[in-house]
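K.L.:
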Amino acid sequence: GGEVPKPEYESDEVFMICMTVHWYDENEPLQKICLCTQDLNTNEDWMFKKSNSQEELILDFAYCVKAVNPDIMIGFNDGGYDWPFILKKAEQFDILREFVNVMEEKKFSGSSLEDAKFNIHEKCIKITPQDSVKVMYFRKPGVLMMDVMVSCRKRYSNSEKNSLSYFLEIANLEGKMNLSHLTLRKYYHDAKEGITGPK
Numbered sequence: 001g002g003e004v005p006k007p008e009y010e011s012d013e014v015f016m017i018c019m020t021v022h023w024y025d026e027n028e029p030l031q032k033i034c035l036c037t038q039d040l041n042t043n044e045d046w047m048f049k050k051s052n053s054q055e056e057l058i059l060d061f062a063y064c065v066k067a068v069n070p071d072i073m074i075g076f077n078d079g080g081y082d083w084p085f086i087l088k089k090a091e092q093f094d095i096l097r098e099f100v101n102v103m104e105e106k107k108f109s110g111s112s113l114e115d116a117k118f119n120i121h122e123k124c125i126k127i128t129p130q131d132s133v134k135v136m137y138f139r140k141p142g143v144l145m146m147d148v149m150v151s152c153r154k155r156y157s158n159s160e161k162n163s164l165s166y167f168l169e170i171a172n173l174e175g176k177m178n179l180s181h182l183t184l185r186k187y188y189h190d191a192k193e194g195i196t197g198p199k
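Everything in the sequence shown is counted per full-length UniProt numbering, starting at 1 for the first residue and increasing by one.
(1) F61 and T37: beta carbons closer than 8 Å?
(2) Please work out which residues of its chain come closer than 6 Å, Cβ to Cβ, to C124, disregarding the five sequence neighbours upstream and downstream, and give them in chain order.
(3) Compare the C-alpha of E114 against each of N43, E44, R97 and E169 and name the closest.
(4) Inspect the beta-carbon positions of M145 and L87 and report whether they are closer than 8 Å.
(5) Determine the burial state of residue 200: buried for a count of at least 16 other Cβ atoms within 10 Å of its Cβ, exposed for fewer.
(6) What does a CB cutoff of less than 8 Å around N172 pick up in its chain, not counting 5 residues either side in sequence?
(7) According to the Cβ coordinates, are E105 and K66 closer than 8 Å?
(8) Measuring only the C-alpha atoms, how far is K32 from E160?
(9) Between the Cα of E13 and those of N158, D82 and R153, spot the shortest distance and give me the residue it belongs to.
(10) Which stretch, first to last residue, makes up the alpha helix (DSSP H) that contains E169?
(11) Whole angstroms is fine: what's the gap from P84's alpha carbon to F76's?
(12) Is DSSP giving E122 helix, strand or coil here?
(13) So, at 6 Å on beta carbons, what are the nonlocal neighbours of E3 in its own chain, with the 5 sequence-adjacent residues on each side left out?
(14) May I ask which residues mark the beginning and end of the beta strand (DSSP E) holding Y63?
(15) Who are the Cβ neighbours of F167 in its own chain at under 6 Å, not counting the five residues just before and after it?
(16) Please confirm whether N119 and V100 have their CB atoms less than 8 Å apart.
Laid out in C-alpha cells, this is it:
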C-alpha cells in the first residue's frame, strides 16, 4: 500500500538504522554508521554493518549507542516515528529486556515487561495553545533526547507543513535528498529479492 510503514504490521520491517556522530557544534561527523539487514554498496565515508534479522538490527543499534555513549541524541521526528517503531518492534520480538540491558549498560533486574518499559518515555508536548504532539523515546540516563521537529514546529508555529525539507528551506539551510517511503520500500524490496538493476 501507500501508507507509511507501521510497527504493528509484521510486513513493515525495520531494515535500516543510520546515524552520524558529531562533536558538539561541529558540522562534519566523526563517524557515519549504517546498520542494515541487506547487503549494501560500500562507501568509504560510512561504516556499514549487516545484521541478520530485525531483532539483531535493533540490538546492534543499542550496542552502537552504548559504544558511542552520547551526551545528546538528536533526530527529526524520531520521537514521533523512529523511536516508537524501534521500541514497538523490540517488544513484538520479545527483546525489549535485552535492549534495555544494553542501553542501560547494566543487568536489568526487572522480571516483567512493565519493568522493562520503565525507560520508555511517552509525553505530549504543547506546540501552540491548540496543538500538541505525542513523542516516545528511550530514556537513557545521562543522555538528552531532542526531537528537532518539535523545536521547529514551536519556532514556526504558524506553518502548515512540518517536513524536514520545508524547515531547512525556510531556515536557508542546505536541503536533503527527499526519498518517499514508497521509494525506500521499493529499494528494500529489490534488495531483499536480489534485484540489482532495471529489468
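Just so it is clear, CB atoms sit at the ideal spot from N, CA and C, and this is done for glycine as well. Since the model is a prediction, treat every value here as computed from it, not as a measurement.
P.N.:
Let me lay it out:
(1) By 1-based counting over the sequence shown, the position of residue 61 is 61. By 1-based counting over the sequence shown, the position of residue 37 is 37. No.
(2) Along the sequence shown, one-based indexing puts residue 124 at 124. Spatial neighbours of C124 in its own chain (CB-CB distance under 6 Å, excluding positions within 5 residues in sequence) are listed in chain order as S132 and K134.
(3) In the sequence shown, residue 114 corresponds to position 114, counting from 1. Selected option, being the one with the closest Cα: R97.
(4) The sequence position of residue 145 within the sequence shown is 145, counting from 1. The sequence position of residue 87 within the sequence shown is 87, counting from 1. For M145 and L87, no; Cβs fall outside 8 Å.
(5) In the structure as shown, the chain begins at 1 and stops at 199. Residue 200 is therefore absent and cannot be evaluated.
(6) Working through the sequence shown from its first residue, we reach residue 172 at position 172. Taken in chain order, the list of residues that qualify is empty.
(7) Against the sequence shown, residue 105 aligns to sequence position 105. Against the sequence shown, residue 66 aligns to sequence position 66. Going by C-beta atoms, E105 is nearer than 8 Å to K66.
(8) One-based indexing of the sequence shown puts residue 32 at position 32. One-based indexing of the sequence shown puts residue 160 at position 160. A straight-line Cα-Cα distance of about 32 Å links K32 and E160.
(9) Within the sequence shown, the letter at position 13 stands for residue 13. E13 has its Cα closest to that of D82, out of N158, D82 and R153.
(10) For this step, residue 169 is matched to residue 169 along the sequence shown. In this chain, the alpha helix (DSSP H) harbouring E169 covers L164 to I170.
(11) The count along the sequence shown starts at 1 and reaches residue 84 at position 84. The count along the sequence shown starts at 1 and reaches residue 76 at position 76. Each residue's alpha carbon lies about 13 Å from the other.
(12) For this step, residue 122 is matched to residue 122 along the sequence shown. In the three-state DSSP reduction, E122 falls in the strand class (E or B).
(13) Looking up residue 3 in the sequence shown gives position 3. Cβ neighbours of E3 beyond the five flanking positions: none.
(14) For the purposes of this step, residue 63 is identified with residue 63 of the sequence shown, where counting begins at 1. Run containing Y63: none in the beta strand (DSSP E); it sits in the alpha helix (DSSP H), Q54 to V68.
(15) Within the sequence shown, numbered from 1, the residue matching residue 167 stands at position 167. If we look at F167 and ignore the five residues flanking it on each side, its Cβ neighbours are C152.
(16) For the purposes of this step, residue 119 is identified with residue 119 of the sequence shown, where counting begins at 1. For the purposes of this step, residue 100 is identified with residue 100 of the sequence shown, where counting begins at 1. Cβ atoms of N119 and V100: closer than 8 Å.
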